[in-house]
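These protein sequence lines map, in sequence, to chains G and A.
Numbering of the first sequence is given in the numbering used here, commencing with residue 462 and proceeding in unit increments.
Numbering of the second sequence is given in the numbering used here, commencing with residue 2 and proceeding in unit increments.
Every residue gets a Cβ at the ideal spot worked out from N, C-alpha and C, and that includes glycine.
Let me begin by presenting the structure, written as structure tokens, before commenting on it.
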Amino acid sequence: AQSVSQHNHHVILSEAASLELGCNYSYGGTVNLFWYVQYPGQHLQLLLKYFSGDPLVKGIKGFEAEFIKSKFSFNLRKPSVQWSDTAEYFCAVLMASSYKLIFGSGTRLLVRP
Amino acid sequence: DGGITQSPKYLFRKEGQNVTLSCEQNLNHDAMYWYRQDPGQGLRLIYYSQIVNDFQKGDIAEGYSVSREKKESFPLTVTSAQKNPTAFYLCASSALSVQGELFFGSGTQLSVL
């Protein structure tokens, strides 16, 4: 069965530190890839997405992610985190020609001021 | 003000009881989804629907039922057959033209008395 793995369940960083959250998926075909974020007390919302083209995609609030097809990975990065980035981050994968979006287990990020 | 409305915010279920969670959207989206969120497990897909009067099972459909009689509405019934219903339930919708870009509601927390 298709699955999405997020290896870091909890991450604690100080402000200005760099962030990288791992995401791997198991599916051999064409995929669309997403990162969603849930800030405390807010709805889950889209952070960035990859459909095709440049494997390095940029999202809101300075986040970016790189799709590495050979590694089945779509890691999320930010060069310098802020306290306001404290949230739970979910990687998600959509198989081509499907409406079934599969989520990873999430990573809780705590940024200390 | 467009969006997805889930009600109630909190719901309690007695042993052997069926309960229904409401989800309404005014975004004119064709696709709607129900996810279950448990701590440390991310979001797991219960059911999804691409068009009115049609829906498909997700990964954990057992003990749940849905209907899609109207484009705007996608209620979820948690039946007595669901032995572990305590969870946070999220409804989402998307336009068919942008698969995977989901808009989420604020969720319903279901607990068992």
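Straight-line spacing of the CA atoms in Phe533 (chain G) and Asn485 (chain G) works out to 6 Å. Taking 3 residues as the minimum length, the beta strand (DSSP E) runs contained wholly in the segment 499-570 of chain G are 506-511, 517-519, 525-529, 534-539, 548-556, 562-564, in order along the chain. The beta carbons of Leu494 (chain G) and Leu555 (chain G) sit closer together than 9 Å. The criterion of a C-beta distance shorter than 9 Å is not satisfied by Glu549 (chain G) and Arg538 (chain G). In this structure, the CA atom of Arg45 (chain A) is about 15 Å from the CA atom of Gln83 (chain A). Taking all protein chains shown into account, His468 (chain G) has fewer than 16 neighbouring C-beta atoms within 10 Å of its C-beta and is therefore exposed. For the segment 471-498 of chain G, the residues whose beta carbon sits under 7 Å from a beta carbon of chain A are, in order, Asn493, Phe495.
Annotation: the continuous beta strand (DSSP E) that includes Leu22 (chain A) extends over 20-26. Contact annotation, Leu482 (chain G) with Val542 (chain G): C-beta distance approximately 11 Å; criterion of less than 8 Å not satisfied. Looking at the DSSP output, Glu481 (chain G) bridges to G:Arg538.
Considering only A:Glu73, A:Leu97, A:Val99, A:Gln38, the residue with the shortest C-alpha distance to Pro86 (chain A) is A:Gln38.
For a Cβ distance threshold of 7 Å, nothing in chain A lies close to Ser513 (chain G): the least Cβ distance comes to about 13 Å.
For Glu102 (chain A), the nearest CB of chain G lies under 9 Å from its own CB, placing it at the interface with that chain. Contact fails between the segment 99-106 of chain A and the segment 47-65 of chain A, because fewer than three Cβ pairs, one in each stretch, are under 8 Å apart.
Taking a cut-off of 8 Å for Cβ pairs, the segment 65-75 of chain A and the segment 23-38 of chain A touch, as three or more such pairs fall below it.
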